[in-house]
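Engineer:
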Amino acid sequence: MLEFLSWLEGSALAGFLRGLGIWTYGLLNLGHILGIASLFGAVLLLDLRLIGSWSSIPATQLIRPCVPVAAAGFLLAALSGLMMVTFNASEYHGNPFFYLKFPLIVAGLINVAVIQRLTAWRRAAQGQPLVSADRRVLAVFGAVSLLLWTGVIACGRMIGYW
Ligand code: HEM
345 MLEFLSWLEG SALAGFLRGL GIWTYGLLNL GHILGIASLF GAVLLLDLRL
395 IGSWSSIPAT QLIRPCVPVA AAGFLLAALS GLMMVTFNAS EYHGNPFFYL
445 KFPLIVAGLI NVAVIQRLTA WRRAAQGQPL VSADRRVLAV FGAVSLLLWT
495 GVIACGRMIG YW
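In case it helps, my numbering puts the sequence shown at residues 345 to 506.
(1) Between V429 and L352, is the Cβ-Cβ spacing less than 8 Å?
(2) Roughly how many angstroms separate the alpha carbons of L364 and P402, rounded to a whole number?
(3) In angstroms with no decimal places, state the Cα-to-Cα distance between R466 and Q460.
(4) Using a Cβ-based criterion (distance less than 7 Å to any ligand heavy atom), does G425 qualify as near the ligand HEM?
(5) Cβ of R501 within 7 Å of any heavy atom in the ligand HEM?
(6) Please report the distance separating the alpha-carbon of P412 from that of W506.
(7) Could you check if M428 belongs to the surroundings of the ligand HEM, using beta carbon to heavy atom distance under 7 Å?
(8) I'd like to confirm something about N373: is its beta-carbon nearer than 7 Å to some heavy atom of the ligand HEM, or not?
(9) Is it a yes or a no for the segment 417–426 touching the segment 367–383, going by three-plus beta-carbon pairs under 8 Å?
(10) Would you say L383 touches the ligand HEM, meaning its beta carbon is less than 7 Å from a heavy atom?
(11) At which residues does the alpha helix (DSSP H) containing S397 begin and terminate?
(12) Would you kindly work out how many angstroms separate the C-alpha atoms of E435 and C410, rounded to a whole number?
(13) So which of Q405, S399, D391 has the shortest CA-CA distance to Q470?
(14) Below 8 Å on the Cβ atoms is my contact criterion, and I expect N455 with L482 to pass it. Report the Cβ-Cβ distance as a whole number of Å.
(15) Which of helix, strand or coil does DSSP assign to S424?
So this is what it looks like as structure tokens:
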């Protein structure tokens, strides 16, 4: 892993980004925060709805705006995050929060991929009536999603304190 991180730190991308000037890292960090805010803001609303909050609002009305906002936020966070890593990549070697953050991101993405294949999700997204088993399964996936993305944020924030 150290070899990979050292390679990343010495890569052409890292050199290019460092050469852009002293504001580059700060601006990338700003992009990271905006991506996280969009991702987690959308995920929080949607997951709380799946868990059972605001049951008078049809789930489809939250799914329609929240899914694309979360996807765009994730993309921004991932792109800015990857560029941020190149600045001090080798310093992250041995940091448990750095190593835990990525499996949690993968688990969060798997949770998204699985939930979108569920009949219960399809019914909710199309505004069809849900049976109680649908509501239960969506609540479980919503709760798991909230835990995973909260874990990603906690690890991201803790990286710098290790
Ligand atoms: C491929 C994806 C990602 C990469 C490579 C990445 C990488 C990074 C890096 C290098 C830092 C700076 C750590 C430091 O030196 O202190 C960071 C900070 C952070 N990341 Fe990510 N990240 C990614 C995705 C995400 C996602 C999806 C979230 C949230 C859902 C997230 C949440 C955070 C948080 C909260 C911080 C602390 C920001 C701050 O306090 O300024 N990251 N990330």
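Just so it is clear, CB atoms sit at the ideal spot from N, CA and C, and this is done for glycine as well.
Structural biologist: Looking at the coordinates:
(1) Cβ atoms of V429 and L352: closer than 8 Å.
(2) 47 Å
(3) Here the alpha carbon of R466 sits roughly 7 Å from the alpha carbon of Q460.
(4) yes
(5) Yes; taking the cut-off as 7 Å, the Cβ of R501 has a heavy atom of the ligand HEM nearer than that.
(6) 34 Å
(7) yes
(8) Yes, the ligand HEM has a heavy atom inside 7 Å of this Cβ.
(9) yes
(10) yes
(11) Run containing S397: none; DSSP gives neither H nor E here.
(12) 35 Å
(13) Q405
(14) About 12 Å; that fails the 8 Å criterion.
(15) Residue state, collapsed to three classes: helix.
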